[in-house]
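Below you'll find the structure, written out as structure tokens, and then a few comments.
Residue numbers (mature numbering (1 follows the signal peptide of the UniProt record, and there is no 0)): -19 to -1, 1 to 165.
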């Protein structure tokens, strides 16, 4: 009898906890008007998730709201972030650049809203920012140290990428040359 009541209590608690979880979740998107491909990829991913028929993989439906920014100045980013927050989003997906990074990370920390981004990782550890692109510094340095490579080639295309190798200058001899134009 005690076992039956324990099982009944378990299923009753399970039902109550699942009933409290929303069946629809609002997420937001912040995109520059010029990033049409990224916006399309975001819409496609949400649609792909929502059309999945397997209920164990899709326990809720995603609703998305997108704000398109004309520029990444702090006023337009603030307006868009507040617009998303007023809609009750659980998380915001988007990109940041040097102009918008501080504003976005500040709002995420103050309002406890997650910001999911495939942008290049920022150097500091910021709460509520989920970076989809991992930092490479540790991986490259580990490879150099583990294999004791004396020479290696590192190809990069932006000034930010070269900062990755500025740290190990004391441990390794580096010869860096940037390719500005490559033809095949």
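The beta carbon of each residue, even a glycine, is placed where N, CA and C say it ideally should be.
### Task
Kindly indicate the opening and closing residues of the alpha helix (DSSP H) around residue 107.
Counting along the chain, residue 107 falls outside any alpha helix (DSSP H), and DSSP gives it neither H nor E.
### Task
Would you identify the three-state DSSP class for residue 64, choosing helix, strand or coil?
helix
#### Entry: residue 15 to residue 131 span [Cα, whole Å]
43 Å
### Message
With a threshold of 8 Å, are at least 3 pairs of Cβ atoms found where one atom belongs to the region 40 to 52 and the other to the region 3 to 11?
### Response
yes
### Query
What do you get for residue 73, buried or exposed, if any count of 16 or more other CB atoms within 10 angstroms of its CB means buried?
Within 10 angstroms of the beta-carbon of residue 73 lie 16 or more other beta-carbons, which makes it buried.
### Message
Restricting to runs no shorter than 4 residues, where is the alpha helix (DSSP H) found entirely within the region 27 to 85?
### Response
55 to 67
### Message
Looking at the secondary structure, which residues open and close the beta strand (DSSP E) in which residue 11 lies?
### Response
Taken as a continuous stretch (DSSP letters only), the beta strand (DSSP E) holding residue 11 covers 5 to 13.
### Message
Can you list, in chain order, the residues of its chain with a C-beta nearer than 8 Å to that of residue 41? Leave out the 5 residues immediately preceding and following it.
### Response
Within the same chain, residue 41 has close Cβ partners 2, 3, 4, 5 and 6.
### Query
With respect to the alpha helix (DSSP H) encompassing residue 126, which residues constitute its N-terminal and C-terminal limits?
118 to 128
### Task
For the beta strand (DSSP E) holding residue 98, just list the boundary residues, first then last.
95 to 98
### Buried/exposed call for residue 62, threshold 16 Cβ in 10 Å
buried
### Query
Applying the criterion that 16 or more other CB atoms from any shown protein chain within 10 Å of the CB defines a buried residue, is residue 84 buried or exposed?
buried
### Query
Looking at residue 109 and residue 98, is the spacing between their C-beta atoms short of 8 Å?
no
### Query
So residue 125 packs on residue 133, CB below 8 Å; how close in whole Å?
7 Å
### Message
With DSSP as the reference, identify every bridge partner of residue 18, one or two as the case may be.
### Response
According to DSSP, residue 18 bridges with nothing at all.
### Task
Could you say which of 101, 52, 96 and 19 lies nearest to residue 80 if we only look at CA atoms?
52
### Task
With a cut-off of 8 Å on the beta carbons, I'd call residue 66 and residue 100 a contact; round off their distance for me.
At roughly 20 Å, the Cβ-Cβ gap does not stay under 8 Å, so residue 66 and residue 100 are not in contact.
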